[in-house]
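The structure under discussion appears below in the form of structure tokens.
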């Protein structure tokens, strides 16, 4: 008589719900609730929860939302109110793409390709399964919040010495694989020799990616380890998000987000500007 064994299910991690302050914009609060549901899947549940909690409730984040939703009088006869930092999302680009699809000719085709590329450049920053149901300013605020949470785990600094060491190790692998390939061919093992050759090509390509012209450092790469390297990388990456969706880097906003992520109160807009002083853009919040 056959007996069936019940499948063992992994124990569910219980995550205490975060307290969401009433000053968080509804669009961002909705995202925080979504991210809470994903917490049990994170490798470091404790750290993930702490960062999300700080991003949701740290006092510096109240300044972030106040700044992003700040209004001013428009320079028109009606004197209507507009956002001080208006957001530029993919929504109007989708409308433009729909209008271009019915047009013919080389110019319309080129313009359509450009709009598609612009949409992709923005949507690559979106939270997973994002639905276009929020106004532009709310959508941009959600994206900034999501990227701040995501980048807090992806801001490990890159050091030139480590990169060059990896490049040398990859080159050594290529040389070893070349010797193995020759040995396999000598013994008539053609199929295995081809596999070794393909692997060698892949590693050689990886080695080239780790190279830079005349040995210069990559942008965002450090010559040696110093204080605040993770904070600098985080601010550098978040700066690209603010440029993509607001048109220029929001140094003060980036500083306030970094305060929440790293649980530090000594990060200022001026300090972030100094860290990223090679940025040619001069506008700030």
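In my numbering, the protein residues as written are 419 to 703. Just so you know, even glycine gets a beta-carbon here, dropped at the ideal spot from N, CA and C.
- Closest by C-alpha distance to residue 659, out of 565, 553, 649, is 565.
- Taking C-beta atoms as the reference points, residue 537 and residue 558 fail to come closer than 8 Å.
- In the DSSP annotation of this structure, residue 470 is not part of any beta strand (DSSP E); the continuous alpha helix (DSSP H) holding it starts and ends at 463–475.
- Residue 526 has its alpha-carbon roughly 15 Å from the corresponding atom of residue 512.
- In the three-state reduction of the DSSP assignment, residue 522 falls in the coil class, being assigned neither a helical nor a strand state.
- The alpha carbon of residue 437 has as its nearest neighbour, out of 464, 472, 672, the alpha carbon of 472.
- Residue 610 places its beta carbon 8 Å or farther from that of residue 596.
- The C-beta of residue 601 has fewer than 16 other C-beta atoms within 10 Å across all chains shown, which makes the residue exposed.
- Counting only the Cα atoms, residue 588 lies some 42 Å from residue 474.
- Counting only the Cα atoms, residue 462 lies some 14 Å from residue 572.
- One alpha carbon belongs to residue 555, the other to residue 505, and they sit about 5 Å apart.
- Contact check for residue 687 against residue 673 passes: the beta carbons are separated by less than 8 Å.
- Counted as a single uninterrupted DSSP element, the stretch harbouring residue 668 is not any beta strand (DSSP E), since DSSP gives it neither H nor E.
- For residue 549, DSSP records no beta bridge to any residue.
- Straight-line spacing of the CA atoms in residue 560 and residue 584 works out to 37 Å.
- Taking a contact to require three or more Cβ pairs closer than 8 Å, the segment 483–503 and the segment 651–670 qualify as touching.
- Taking the C-beta atoms as reference points, residue 569 is found nearer than 8 Å to residue 656.
- From the listed residues 622, 458, 445, the smallest Cα separation to residue 435 is found for 458.
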